[in-house]
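Going line by line, the protein sequences match chains R and P.
Residues 51 to 356 (our numbering) are what the first sequence spells out, left to right.
Residues 829 to 1157 (our numbering) are what the second sequence spells out, left to right.
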Amino acid sequence: MNSSLFLSQLLNGLQLGVLLFLLSSGLTLIFGIMNFINLAHGSLYMVGAFVGAAAYNASGSFWFSLAAGVASAALAGLLIEHLVARPLYRHDHLYQVLATFGLMMFFNELAIVIWGNRPYFVTIPESIRGAVTIFGAPYPVYRLLVIAVGIAVAFGAWFLIQKTRFGMLTRAGTTNAAMVSVLGANVDLLKKALFMLGAGLAGLAGTLAGPILSVQSGMGDPVLILALVVIVVGGIGSIRGALLAAIVIAVIDTLGRAYLPHLLTLVLAPSAANTAGSALASMLIYLLMAFVLAFRPHGIMYSARR
Amino acid sequence: MHRNKWAGWLLPLLFVALACIPFVAQAMDEPFYVTFFARVLVYALAACALNIVLGFAGLVSFGHALFIGLGCYTVAILADAGIANGWVQLAACIAVCAAVAVLVGAVCLRTSGIGFIMITLAFSQMFYFLMVSLTPFGGDDGLNIYESSDFGLFQLGGSQEVYWAAWALLLLLALFLNRLRHSPFGMVLRATHINPRRVDAFGYSVFRVQLSAYVLSGVITGMAGFLLANLTAFAVPSYISWHVSGELIVMIVIGGIGLVTGPVLGAIVFLVMEELLKGLTTHWMLFMGPAIVAIALLGRNQFAWLKAGISRPGPMKTAAPRRVAGEAR
């Protein structure tokens, strides 16, 4: 096995994990405190990607495109919270799933109306193009930057949740939102802020992913499914669980796709190994999820209070 | 009680009306209507099956497209291997769906509520990606079915045949569900939704009851997939996409949760609405999406009304004050 190839695959996995964490941390927080399942979270990721890409192509500034992507997703999140999520907080999950499913259809079609059916092209900024050599393996600078931003955001989230008043209220809110409200905190405002924060993080993930993946309508759907797997495995409502699960799942997925077809040639004929390997690789994370749930039905970071 | 009388009239009327459609289509010389309504009936079948778990048991399965896909691909793969005998295909379809439903259900039912929604979704996505990556079975492009299921007496060759097969199957299913709702199993199943702990205390295994319902629902949905494969002569991964699962839920909510006729009406309304919008504009989803949001926002009230209808308001009213009095003492 080629060690430099392995290292770059590992880094690819880490980079996917970071993107997944940005998405699933918002999703899991929104679920944790508001008991709301938001399938339109993938659409917010798409909004971030499209607006970020359009902003970059218009201005040429990477930082401006990041800001535009985050702000647009947060704004869309605020609208969704006010118009759709708020009336449904106290209702059955069925209706939340349904409403956000409708929203997802709407956003996907809206993207086609505005930007067309074909992938929207966006390049990596000149200054951070190219590759650096890590332990003898060349690796794109941009992907390293994505990993760095993700780690920074993870630290930021930890600081926000553990060390600030906002975080304290959020943690209290996940345990008992009614009690926090009785004690005089403005829970409505807290929910709005949290929803916007989650949406903004999804937008950030979308903007960062834009130059790596193709920006097109429906790009949020597969990522949303991955994020759902992450929060189920990590334990719904737990940010630490989301971080751990995002990294583990992304690394397993990436390495599985890269190496399973090779590994199976040891026991199968090459063409059969290739087919079986890629089929097995695409099922790997779901098998992992089934395995985790069989032993820990509430995910790996479940605290017994809920 | 008047609601039951109304529903009692609705069911026969609906099936008579549906039986007229092929003749009307023939008179109007519009064979497309038969194909279209055959599709409606197939989805109605799947929605009725989903209603067993979603409506009766309150388990929101967001992955029932999995079973439609299993049914489709069983037909397609067997036909591809040269086995066109309908009975063999149907038996294989039922066996595969039952086996998968037992395995998937056993894992999914370990969770509840939101977890159940996401895990059923994840399992159907797993099967979706499996079929996309399995190139021997067509991969992304799907698998053509050149020979339709041959049942000896009849062959599911055209839309007309599939229409009548779906109609008959749907009628049988509606009659069956009408019985099931009030059968001991159906009562226990509905009770697991309202108060699982009490069902447990009565000595029933909630898990087994729910798993039985899930398997039953999966097998019937698989039969819908079986018909869909014959209708379109095609099996593609997009039949398993989670949009299909979502649409099935929308149909149930439009028609009324937990009612026997509800999903049939819901499927008709939803698919006709979709077809009309598609005729008006290519960007029909731009209007369908907000319509679904509106259905969800309005439907939550209908749900409360239904719950009140199902959970026998009489005894509840006397029970509630007594409990309060007991606490005061």
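C-beta atoms are modelled at their ideal positions from N, C-alpha and C, and glycine is treated no differently.
{"Asked": "Contact between the segment 132-148 of chain R and the segment 1110-1126 of chain P is defined here as three or more beta-carbon pairs at a separation below 8 Å; is this criterion met?", "Found": "yes"}
{"Asked": "Taking the beta strand (DSSP E) that R:Val182 belongs to, which residues open and close that run?", "Found": "Ala181 to Ile184"}
{"Asked": "If I measure Cβ to Cβ from R:Ala118 and keep anything under 7 Å in the same chain, skipping five residues before and after, which residues do I get?", "Found": "Val101, Gly102 and Ala105"}
{"Asked": "Is the CB of P:Gly1074 under 9 Å away from at least one CB in chain R?", "Found": "yes"}
{"Asked": "Assuming contact is defined by CB atoms lying nearer than 9 Å, are R:Gly306 and R:Ala296 in contact in what I supplied?", "Found": "no"}
{"Asked": "So for P:Leu971, helix, strand or coil by DSSP?", "Found": "strand"}
{"Asked": "Can you give me, in chain order, the residues of the segment 945-973 of chain P that have a beta carbon less than 8 Å from any beta carbon in chain R?", "Found": "Ile945, Met946, Ile947, Leu949, Ala950, Phe951, Gln953, Met954, Phe957, Leu958, Val960, Ser961, Leu962, Thr963 and Pro964"}
{"Asked": "Assuming R:Arg179 and R:Ile262 make a contact with CB atoms under 8 Å, what is their CB distance in whole Å?", "Found": "R:Arg179 to R:Ile262, Cβ: 12 Å. No contact."}
{"Asked": "By the three-class DSSP mapping on this structure, what secondary structure does R:Asp142 have?", "Found": "coil"}
{"Asked": "To the nearest angstrom, how far is it from the Cα of R:Ala228 to the Cα of R:Val163?", "Found": "42 Å"}
{"Asked": "Does any residue of chain P have a CB that is nearer than 9 Å to the CB of R:Val97?", "Found": "no"}
{"Asked": "Around the C-beta of R:Thr214, are 16 or more other C-beta atoms found within 10 angstroms, so that it is buried, or is it exposed?", "Found": "exposed"}
{"Asked": "Taking P:Pro1024 as part of the alpha helix (DSSP H), name the residues at either end of that continuous run.", "Found": "Pro1024 to Ala1029"}
{"Asked": "Who are the Cβ neighbours of R:Leu89 in its own chain at under 7 Å, not counting the five residues just before and after it?", "Found": "Val147, Thr150, Phe151, Met154 and Leu274"}
{"Asked": "What's the call for P:His1021, buried or exposed, on a 16-neighbour Cβ count within 10 Å?", "Found": "buried"}
{"Asked": "In three-state terms, what does DSSP make of R:Ala187?", "Found": "strand"}
{"Asked": "Verify the CB distance criterion: does R:Asn62 have a CB-CB separation below 9 Å to chain P?", "Found": "no"}
{"Asked": "Looking at the structure shown, is P:Val1064 part of a helix, part of a strand, or coil, going by DSSP?", "Found": "coil"}
{"Asked": "With which residues is P:Asp978 paired in a DSSP beta bridge?", "Found": "P:Asn913 and P:Gln983"}
{"Asked": "I'd like to know whether the C-beta atoms of P:Val881 and P:Ala1041 end up nearer to each other than 9 Å.", "Found": "yes"}
{"Asked": "Contact between the segment 1066-1075 of chain P and the segment 939-953 of chain P: three or more CB pairs below 8 Å?", "Found": "yes"}
{"Asked": "Taking a contact to mean a Cβ-Cβ separation below 9 Å, would you say R:Gly287 touches R:Leu79 in this structure?", "Found": "yes"}
{"Asked": "CA-CA distance, P:Asn1006 and R:Gly250?", "Found": "49 Å"}
{"Asked": "To the nearest angstrom, how far is it from the Cα of P:Val916 to the Cα of P:Ala994?", "Found": "18 Å"}
{"Asked": "Please tell me whether P:Trp1112 has its Cβ less than 9 Å away from any Cβ of chain R.", "Found": "yes"}
{"Asked": "Applying the criterion that 16 or more other CB atoms from any shown protein chain within 10 Å of the CB defines a buried residue, is P:His1010 buried or exposed?", "Found": "exposed"}
{"Asked": "Sort out for me which residues DSSP pairs R:Tyr170 with in a bridge.", "Found": "R:Val265"}
{"Asked": "Using DSSP with H/G/I as helix, E/B as strand and the rest coil, what is P:Trp1133?", "Found": "Caution is warranted here: a pLDDT of 46 is assigned to P:Trp1133, below 50, making its placement in the model unreliable, and no coordinate value can be reported."}
{"Asked": "From the beta carbon of P:Phe864, is the nearest beta carbon of chain B less than 9 Å away?", "Found": "Of the protein chains in this structure, namely R and P, none is chain B."}
{"Asked": "Given a threshold of 16 other Cβ atoms within 10 Å of its Cβ, counted over all protein chains shown, does R:Ile184 qualify as buried or as exposed?", "Found": "exposed"}
{"Asked": "Under the rule that 16 or more other beta-carbon atoms within 10 Å means buried, what is P:Trp1112, buried or exposed?", "Found": "buried"}
{"Asked": "Leaving out five residues on either side along the sequence, give the residues of the same chain with a beta carbon under 7 Å from the beta carbon of R:Met84.", "Found": "Tyr139 and Lys241"}
{"Asked": "With DSSP run on the structure shown, which of helix, strand or coil describes P:Tyr901?", "Found": "helix"}
{"Asked": "Which residues in the same chain as R:Leu116 place their Cβ atom closer than 6 Å to its Cβ, once the five residues preceding and following it in sequence are excluded?", "Found": "Thr257"}
{"Asked": "For P:Asp1043, collect the residues of the same chain with a Cβ closer than 7 Å to its Cβ; drop the 5 residues on either side in sequence, then sort them by chain order.", "Found": "It should be noted that the sequence gives Val, not Asp, for residue 1043 of chain P. Taken in chain order, the residues that qualify are Ala926, Ala929, Val930 and Gly933."}
{"Asked": "To the nearest angstrom, how far is the alpha carbon of R:Asn62 from that of R:Ser53?", "Found": "14 Å"}
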